[in-house]
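Read through the structure below, which is laid out as structure tokens, and then see the notes.
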Amino acid sequence: MIDLFSLGVAITLGVPTSKWISKNLFDKEYKEIRRVTKTLDYLFADQKIYNLEGNKPKITDIKITDCGYYISLDIQGITTYSNLENLSEYIKSLFKAYHVELSSNKGNIVTLDIVNKEINELTYRAISIEPTKLICGYDLKGKPLIVDMLKTPHIGVVGTSLSGKSKCIEGALKTIRGADITLVNCFKDDFKGIIADRINGNDNILEYLKRVVENKTIRPRPYYIVIDEYNTLSNIKGIDKIIQELLSQARHYNVYLIVIMQKGNSEDCKFKQLFNTRIAFRTIEESTLRAFLGVGVGSGALNQREFYLLHSELKKGKTYTI
Numbered sequence: 001m002i003d004l005f006s007l008g009v010a011i012t013l014g015v016p017t018s019k020w021i022s023k024n025l026f027d028k029e030y031k032e033i034r035r036v037t038k039t040l041d042y043l044f045a046d047q048k049i050y051n052l053e054g055n056k057p058k059i060t061d062i063k064i065t066d067c068g069y070y071i072s073l074d075i076q077g078i079t080t081y082s083n084l085e086n087l088s089e090y091i092k093s094l095f096k097a098y099h100v101e102l103s104s105n106k107g108n109i110v111t112l113d114i115v116n117k118e119i120n121e122l123t124y125r126a127i128s129i130e131p132t133k134l135i136c137g138y139d140l141k142g143k144p145l146i147v148d149m150l151k152t153p154h155i156g157v158v159g160t161s162l163s164g165k166s167k168c169i170e171g172a173l174k175t176i177r178g179a180d181i182t183l184v185n186c187f188k189d190d191f192k193g194i195i196a197d198r199i200n201g202n203d204n205i206l207e208y209l210k211r212v213v214e215n216k217t218i219r220p221r222p223y224y225i226v227i228d229e230y231n232t233l234s235n236i237k238g239i240d241k242i243i244q245e246l247l248s249q250a251r252h253y254n255v256y257l258i259v260i261m262q263k264g265n266s267e268d269c270k271f272k273q274l275f276n277t278r279i280a281f282r283t284i285e286e287s288t289l290r291a292f293l294g295v296g297v298g299s300g301a302l303n304q305r306e307f308y309l310l311h312s313e314l315k316k317g318k319t320y321t322i
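Residues in the sequence shown are numbered consecutively from 1, following this note's numbering.
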């Protein structure tokens with residue numbers, strides 16, 4: 001890795017400039033860093049990101065990653081994190097990137113994680129993890145996206161038909177060893193690869209959920225209840241109250257809900273705030289996606305199988321091929 005400021009350091013240490021140039025001028029990585037620096041300079045000039053003295057954000061680090069670039073900027077006295085965040089789509093276009101993620105955990109330092117190399121389709125493969133953890137897909141760098149029910153219990157999933165919701169949950173449940181599963185209101189052609197009890201029919205579903213609520217026994221194995229097509233059940237008298245009770249108390253008894261729906265606005269799902277993990281696929285209106293997540297996300301429609309995952313942080317990902 002060539003430090004962006006290595007030439008200056010070499011001069012300071014008395015290393016002959018000609019020797020440094022012969023070593024680094026034709027280095028592929030050095031050329032790439034120079035190109036990134038020029039792109040950032042263009043961004044600052046084009047969007048007028050400088051103060052009254054003409055100072056631009058200081059580039060403190062540029063790393064070439066397997067998927068793109070990791071850039072650190074010192075923006076103190078120049079601009080704000082929110083201003084840069086509003087330019088995320090523009091930055092994405094400048095770098096011809098698939099995804100740009102901004103973060104700021106160190107005050108005036110903003111990092112840009114730029115992904116400009118598309119990950120090939122990844123096929124689901126079994127990974128040995130605790131039965132309270134679920135692998136929902138992979139991020140834009142190909143790393144598994146894992147949610148922990150002990151930390152962020154209960155999952156709400158929203159998205160249009162054929163957006164990838166069911167396959168996401170099926171892939172997640174495939175990883176589980178040492179847990180029990182019940183599928184509620186699921187079509188027989190869905191979740192074929194999952195060994196589970198199935199409950200269908202409005203009366204049967206209501207009676208079953210009541211029994212679960214009344215059972216205050218701590219289960220020795222994690223127990224997952226998957227409720228599919230929730231919006232078709234919401235008109236059943238009393239069902240919302242029962243689901244809310246489960247979302248509020250079930251984790252204490254080692255019971256975890258996964259509720260899948262096509263509509264996730266407040267009027268369509270009155271208990272969405274009780275999902276500590278939320279997964280949003282493509283929706284008819286982007287406002288539905290943002291309302292369900294409860295946070296702002298980048299503009300632009302999601303492709304099939306792409307989703308936003310909100311648990312301990314917000315991540316963009318894609319479901320495995322299964």
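Every residue gets a Cβ at the ideal spot worked out from N, C-alpha and C, and that includes glycine.
Within 10 angstroms of its Cβ, does residue i collect 16 or more other Cβ (buried), or is it exposed?
i      : result
Phe187 : exposed
Tyr42  : exposed
Asn303 : exposed
Asn66  : It should be pointed out that residue 66 corresponds to Asp in this sequence rather than to Asn. The residue is exposed, with fewer than 16 neighbouring Cβ atoms inside 10 Å.
Met1   : Because the pLDDT of Met1 is 44, which lies under 50, any placement of that residue in the model is unreliable, and the question is left without a value.
His328 : An answer regarding residue 328 cannot be provided, because it is not within the stretch 1 to 322 covered by the chain.
Ser161 : exposed
Asp113 : buried
Ala45  : exposed
Ile93  : One detail in the question is off: residue 93 reads as Ser in this sequence, not Ile. With fewer than 16 other Cβ atoms within 10 Å, it is exposed.
Leu52  : exposed
Leu150 : exposed
Val147 : buried
Thr321 : exposed
Gly54  : exposed
Arg125 : exposed
Thr123 : exposed
Ser248 : exposed
Gln262 : buried
Asn254 : buried
Asp228 : buried
Lys38  : exposed
Pro220 : exposed
Lys31  : exposed
Glu118 : exposed
Glu306 : buried
Lys28  : exposed
Lys318 : buried
Glu313 : exposed
Gly68  : buried
Val288 : The sequence shown places Thr at residue 288, not Val. Buried, since its Cβ has 16 or more Cβ neighbours within 10 Å.
Ala250 : buried
State the beta-bridge partners of residue i as determined by DSSP.
i      : result
Glu267 : In the DSSP output, where bridge partners are listed per residue, Glu267 has none listed.
Phe307 : Gly317
Thr232 : Answer is none; Thr232 lacks a bridge partner.
Val226 : Leu183, Ile258
Mind reading off the beta-carbon distance from residue i to residue j? Whole number of angstroms is fine, and I expect it under 8 Å.
i      : j      : result
Gly264 : Lys270 : That pair is no contact at about 11 Å.
Ile279 : Leu246 : Ile279 to Leu246, Cβ: 18 Å. No contact.
Thr60  : Thr152 : 33 Å between Cβ atoms; not a contact.
Leu257 : Ile225 : 5 Å
Asn120 : Phe95  : Going by Cβ atoms, the distance from Asn120 to Phe95 rounds to 20 Å, so no, they are not a contact pair.
Lys316 : Leu84  : Contact doesn't hold; Cβ gap of about 18 Å is too wide.
Gly159 : Arg282 : 6 Å
Gly156 : Val259 : 5 Å
Phe191 : Ser163 : Wrong, their Cβ atoms sit about 16 Å apart, outside the cutoff.
Ile135 : Thr80  : At roughly 36 Å, the Cβ-Cβ gap does not stay under 8 Å, so Ile135 and Thr80 are not in contact.
Ile62  : Val36  : 5 Å
Ile243 : Leu206 : Going by Cβ atoms, the distance from Ile243 to Leu206 rounds to 11 Å, so no, they are not a contact pair.
Val100 : Ser88  : 5 Å
Let me see if you follow: with CB-CB separation under 9 Å, is residue i close to chain C or not?
i      : result
Glu207 : Of the chains in the structure shown, none is chain C; there is only one protein chain.
The ligand COA heavy atoms versus the CB of residue i: any closer than 8 Å?
i      : result
Asp203 : This structure does not include the ligand COA; it has no bound ligands of any sort.
Secondary structure, alpha helix (DSSP H): runs of 4+ residues fully inside the region 269–305
286–293
Counting beta carbon pairs with one atom in the region 59–74 and one in the region 103–111, are three or more of them shorter than 8 Å?
yes
Complete runs of the alpha helix (DSSP H) confined to the region 57–122 [at least 4 residues]:
Whole alpha helix (DSSP H) segments, 4+ residues: 81–85, 88–94.
Ignoring anything shorter than 4 residues or poking outside the region 131–216, list the alpha helix (DSSP H) runs there in chain order.
165–174, 202–214
Given 8 Å, three or more beta-carbon pairs between the region 169–186 and the region 220–239:
With a cut-off of 8 Å, the region 220–239 and the region 169–186 count as touching, because enough Cβ pairs lie within range.
Hey, is the region 209–218 in contact with the region 161–171, meaning 3+ C-beta pairs nearer than 8 Å?
no
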